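Data first, discussion second: the structure below is written as structure tokens.
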Amino acid sequence: RTAAVPTSASRCLREGGTHDPARRRAGMASHRASRLLEPFARRLRLSNRAPPRWGPVQRRAAAGFSSPAHSAEPMFHAEAPHLEGMNDEQIAAIVAPVAPMKVLAGPGSGKTRVLVGRVTHLINELGVPPSHILCITFTNKAAREMRERLVASVGEENARQITAGTFHSVASRMLRKHVHLLDGYGRGNDFVIYDEADTKSIIRKIMVDVFMEDKKKADPALAKSRISAAKSAVDACVGMDGRRMARALCDTRPSLKRDPYVRDQFPRLYDEYEANLRSSNALDFDDLLSAAVALLRTSEEARLFYRQRWRHVLVDEFQDTSLSQYELIRALAAETARVFVVGDVDQAIYSWRGAEVANIRTKFDSDFAGAGTVLLTKNYRSTATIVKAAQAVISESRDRSPLELDAVRPGGKDVAVVATEDEIEEADFAAREAARAARSGVPLKDIAVLYRTHSQSRPLEEAFIRAGVPHVVVGDTAFYTRKEIKDLVAYLRVLFNSRDTVSLQRIINTPPRKIGPGTLEKLEAWAADLPWVDGMPQPLGMALLDRTWSTPDQDDLLPPAADMGLAAGAYKAVGGFVSVMRELGEVVEVSDPGELTEEVVRRIGFEEYVADMENGDERAGYVKELVSIASDPFAVESLDGTDGGAAGGGDPATKRKSTGHEGLGEFLEGISLLMSAETRSEDEGADAVRLMTLHAAKGLEFDTVLITGCEDELIPFKRGDAAADAAEHDEEVRLFYVGLTRAKRKLFLCRAFKRQRFGRTVYADPSPFLEIIRESLVGGKPPQARRMGAGGINPADDAADADPPRRAALGGDSLAEHLRRTTGAKAATGGSPAFRKYAAGDTGGYAKANAWKRRMNSAREG
Numbered sequence: 052r053t054a055a056v057p058t059s060a061s062r063c064l065r066e067g068g069t070h071d072p073a074r075r076r077a078g079m080a081s082h083r084a085s086r087l088l089e090p091f092a093r094r095l096r097l098s099n100r101a102p103p104r105w106g107p108v109q110r111r112a113a114a115g116f117s118s119p120a121h122s123a124e125p126m127f128h129a130e131a132p133h134l135e136g137m138n139d140e141q142i143a144a145i146v147a148p149v150a151p152m153k154v155l156a157g158p159g160s161g162k163t164r165v166l167v168g169r170v171t172h173l174i175n176e177l178g179v180p181p182s183h184i185l186c187i188t189f190t191n192k193a194a195r196e197m198r199e200r201l202v203a204s205v206g207e208e209n210a211r212q213i214t215a216g217t218f219h220s221v222a223s224r225m226l227r228k229h230v231h232l233l234d235g236y237g238r239g240n241d242f243v244i245y246d247e248a249d250t251k252s253i254i255r256k257i258m259v260d261v262f263m264e265d266k267k268k269a270d271p272a273l274a275k276s277r278i279s280a281a282k283s284a285v286d287a288c289v290g291m292d293g294r295r296m297a298r299a300l301c302d303t304r305p306s307l308k309r310d311p312y313v314r315d316q317f318p319r320l321y322d323e324y325e326a327n328l329r330s331s332n333a334l335d336f337d338d339l340l341s342a343a344v345a346l347l348r349t350s351e352e353a354r355l356f357y358r359q360r361w362r363h364v365l366v367d368e369f370q371d372t373s374l375s376q377y378e379l380i381r382a383l384a385a386e387t388a389r390v391f392v393v394g395d396v397d398q399a400i401y402s403w404r405g406a407e408v409a410n411i412r413t414k415f416d417s418d419f420a421g422a423g424t425v426l427l428t429k430n431y432r433s434t435a436t437i438v439k440a441a442q443a444v445i446s447e448s449r450d451r452s453p454l455e456l457d458a459v460r461p462g463g464k465d466v467a468v469v470a471t472e473d474e475i476e477e478a479d480f481a482a483r484e485a486a487r488a489a490r491s492g493v494p495l496k497d498i499a500v501l502y503r504t505h506s507q508s509r510p511l512e513e514a515f516i517r518a519g520v521p522h523v524v525v526g527d528t529a530f531y532t533r534k535e536i537k538d539l540v541a542y543l544r545v546l547f548n549s550r551d552t553v554s555l556q557r558i559i560n561t562p563p564r565k566i567g568p569g570t571l572e573k574l575e576a577w578a579a580d581l582p583w584v585d586g587m588p589q590p591l592g593m594a595l596l597d598r599t600w601s602t603p604d605q606d607d608l609l610p611p612a613a614d615m616g617l618a619a620g621a622y623k624a625v626g627g628f629v630s631v632m633r634e635l636g637e638v639v640e641v642s643d644p645g646e647l648t649e650e651v652v653r654r655i656g657f658e659e660y661v662a663d664m665e666n667g668d669e670r671a672g673y674v675k676e677l678v679s680i681a682s683d684p685f686a687v688e689s690l691d692g693t694d695g696g697a698a699g700g701g702d703p704a705t706k707r708k709s710t711g712h713e714g715l716g717e718f719l720e721g722i723s724l725l726m727s728a729e730t731r732s733e734d735e736g737a738d739a740v741r742l743m744t745l746h747a748a749k750g751l752e753f754d755t756v757l758i759t760g761c762e763d764e765l766i767p768f769k770r771g772d773a774a775a776d777a778a779e780h781d782e783e784v785r786l787f788y789v790g791l792t793r794a795k796r797k798l799f800l801c802r803a804f805k806r807q808r809f810g811r812t813v814y815a816d817p818s819p820f821l822e823i824i825r826e827s828l829v830g831g832k833p834p835q836a837r838r839m840g841a842g843g844i845n846p847a848d849d850a851a852d853a854d855p856p857r858r859a860a861l862g863g864d865s866l867a868e869h870l871r872r873t874t875g876a877k878a879a880t881g882g883s884p885a886f887r888k889y890a891a892g893d894t895g896g897y898a899k900a901n902a903w904k905r906r907m908n909s910a911r912e913g
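When you line the sequence shown up against the numbering used here, it's residues 52 to 913, in that order.
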């Protein structure tokens, strides 16, 4: 029972009390929180479990929810800044017990605000030292946003002591400090992190040997994806050979059991790949997670260190965790069980990269006994109409969350369905609508055009270029993946770790030094004949730069040319490269990363080299930008959202400005993490329309959203001719739900009658999701048909601008009848005025529209 709380000043005075507004607000807030936490407390009582170490409000809730008016001990400060403006559900999550807690947060429900509020509550109300808090996010951008909010909420000094970063950045910092405790792993603390391009380079070279008989089968991208899938299929792959990894891969993908490649070639490929990584003292991104899990499981020293350091673990986007990420959380929080996770089953869209929705659906509750659950159902982002459409779609998912979104924003414009002749007209409409929205005052960066596959972006880009509308393709070439930047970073990586064979191969002839593939092959053969190191052949970089071939009394730059099998010209070129690298090696210990990068650029003539390339001035500018970033002691940390304290420092005075090998290592670690697939375009701050896939839009919001390609077999997507199984279909439902809930005010769903796919014209039915939305919004009434011509939207019932009927390839009815029968929700309000409005600003608008009508008439007559 919950004791009554006075609801008015007059009632309080009648009962002989004194009216205290602040006390009443505190009581009401505590009362609401207690009611929301009652099911959790009841489970504790029924299972005879003693409550964990809670705050005063939670102890009172478990004891029977007595009124705060009957206790002298305050429950929490209801007027604290971190609770200001919060709703009942958010307050319940923030002040929840210091125990395993799962928050199911719908889109637009303020989950980041709740996470920050929870951290603030731990520090300000419960007295938790900031250095004992670990916040894990999935993207660098999310980590940066969280850190900015933490600075505003708890102050810069406290925020700097909190470890906040991505799974990969946290795992990397752990390994950088303690990888030597992982017996038999064969990596030193100065390991390098290979990105996607680096790993494919290794695989491409291995495949020359593995597929000698049939080189057509050599597909580095496919091989890398299968290696990654195999590593994601086990919680810790350290020490597993290729045969065991192949079995793990087949267990997660049964269809591969019949694939002779997986049975015969994959084990050898995997073993060779791992040997190359070990020889180069390198890890890939999957290794970061599995090695961190193995470290915590096998090393009591590391386990005690991190469990003592991070007493409270908070995780965002928990529905996207893979098996290894989940096991990392479990290993960190197993004893204290002070873990707080936020996620949404209905937004789980990454199974194709190893995410396990079962982690949030069932495993968390089973592995953390007595875990509580709080629901965040209030949607503050979208209008009621958009929320209703999204709810109708997600209801098609078989195993969805218990969340039922409740829109805070009332009403809103109808969801608009726009039917076009083909993808060209669809793209033209998207560009025109973006321009129209911008003229009405919507910032361009608050407009997004979403699509299911990358191949759909080309006609959209062309349409936006024709219309002169500024735009950026999110996921396009990012700063740290540009050739000139990767070349410079490769120099730094070799100076940091001479065993890095991939980076050495990249720079040995960059800028050109006349060291071709033949010379490189002879150098590698020479290094392979040298004495082995740590049970493995010597990497070429170690042999050349560390002079492992020499004796203490030798002072030669290289052994004789005859010993290396090199001609005089090649020998001289290699000697020049080695001389420069050794000189730069002496600079490492006396320079910070910025000074070293500047010296590398000067010594190798890199600015002159890039200036002679296409777009030379632009490339030279990128080089200067990298020097600037390397010179800023906080640049990389602020970009990836982590602090130097992740592994154990936390002192702002000891940030990456340190010189020498240690400073270079910290800088390269930050760069490597930023090269991950999570990094979006460097133009993300530009005022331009965003063109991106539905997956890339996750976590973002826009005033106006246009989803293109709303056609069957595209949304939902079907691979090949085989129908997707139930699990894949459910994920497609969730993906479309994510796209719908990105829109705040206006939502357009665009479909084309025909589309070029895979080099052929495909006539498509509308997406089945459109019919679901139509039924939820229109209530079964026939929608007014709308279609898009070359000049704008035309209503089918407007005699002046009606589209001429055209015989459709599907079913033999006219195109207008086909649209009238199949189009989903109401189309955008149009008519002849709308036609003129969309044509405004385009002198050829009417001409295009008339030409389109003549084309349709000719087709009809034909």
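Yeah, the Cβ is synthetic: ideal placement off N, Cα and C, and Gly gets one too. These figures come from a predicted structure and were not determined experimentally.
In this structure, the alpha-carbon of A619 lies about 58 Å from that of M197. The stretch 171-183 makes contact with the stretch 203-214; the number of CB pairs closer than 8 Å reaches 3 or more.
For C301, the enclosing alpha helix (DSSP H) stretches over residues 293-303. Taking each of N240, T552, A777 in turn and checking the Cα distance to D249, the smallest one comes out for T552. For H746, the secondary structure class from DSSP, reduced to helix, strand or coil, is coil. Looking only at T214, A489, C186, A747, the smallest Cα-Cα distance to V520 is reached by A489. Within the stretch 130-211, the complete beta strand (DSSP E) segments of 3 residues or longer fall at 152-156, 184-188, listed in chain order.
The C-beta separation of K795 from E752 comes to about 6 Å, placing the pair in contact by the 8 Å criterion. Of the candidates R294, D335, V289, S330, the residue whose Cα lies closest to the Cα of T349 is V289. In the DSSP assignment, F799 falls within the unbroken beta strand (DSSP E) covering 794-803.
Our two residues, L226 and I722, have alpha carbons roughly 16 Å apart in a direct line.
If you look at I498, you'll find it in the beta strand (DSSP E) that goes 498-502. If only complete runs of 4 or more residues are kept, the stretch 382-429 shows the alpha helix (DSSP H) at 415-418, in order along the chain.
Partner residues in the beta bridge of P817, as assigned by DSSP, are E762. Going by beta carbons, D776 and S818 fall outside the 8 Å limit. Beta-bridge pairing by DSSP links G716 to no other residue.
Here the stretch 328-342 lies against the stretch 235-242, with 3 or more beta-carbon pairs under 8 Å apart.
R654 is positioned such that its CB atom lies no closer than 8 Å to that of G592. Per DSSP, reduced to three states, the secondary structure at G586 is coil, with no helix or strand assignment. Boundaries for G237: no alpha helix (DSSP H) harbours it, and the DSSP string shows neither H nor E there. Classified as buried, N327 has 16 or more neighbouring CB atoms from the shown chains inside 10 Å of its CB. If the five residues before and after K749 are omitted, its C-beta is found closer than 8 Å to the C-beta atoms of Q398, I400, V789, all from its own chain and listed in chain order. Under the three-state reduction of DSSP, A215 is assigned to strand.
DSSP, read as helix, strand or coil, puts D310 in coil. In this chain, the beta strand (DSSP E) harbouring H363 covers 363-366.
The C-alpha of I516 lies about 25 Å from the C-alpha of Y673.
Under the three-state reduction of DSSP output, V438 falls in the helix class. Scanning its chain for C-beta atoms nearer than 8 Å, with the 5 sequence neighbours on each side dropped, one finds around R200 the residues T163, R164, V167, in chain order.
When only Cα atoms are considered, V364 and T188 end up about 11 Å apart. Two segments are said to touch when three or more pairs of C-beta atoms, one from each, lie closer than 8 Å; by this definition the stretch 445-457 touches the stretch 780-788. Distance between V629 and R533, taken at the CA atoms: about 25 Å. By the neighbour-count criterion, in which 16 or more other beta carbons inside 10 Å mark a residue as buried, V259 falls on the exposed side.
Within the stretch 314-343, the runs of alpha helix (DSSP H) at least 4 residues long that lie entirely inside it are, in chain order, 317-330. Judged by DSSP in its simplified three-state form, V740 adopts strand.
Look at R557 here: in three-state DSSP terms it is helix. The beta-carbon distance between A576 and P588, rounded to whole angstroms, is 11 Å. This is too long to meet the 8 Å contact definition.
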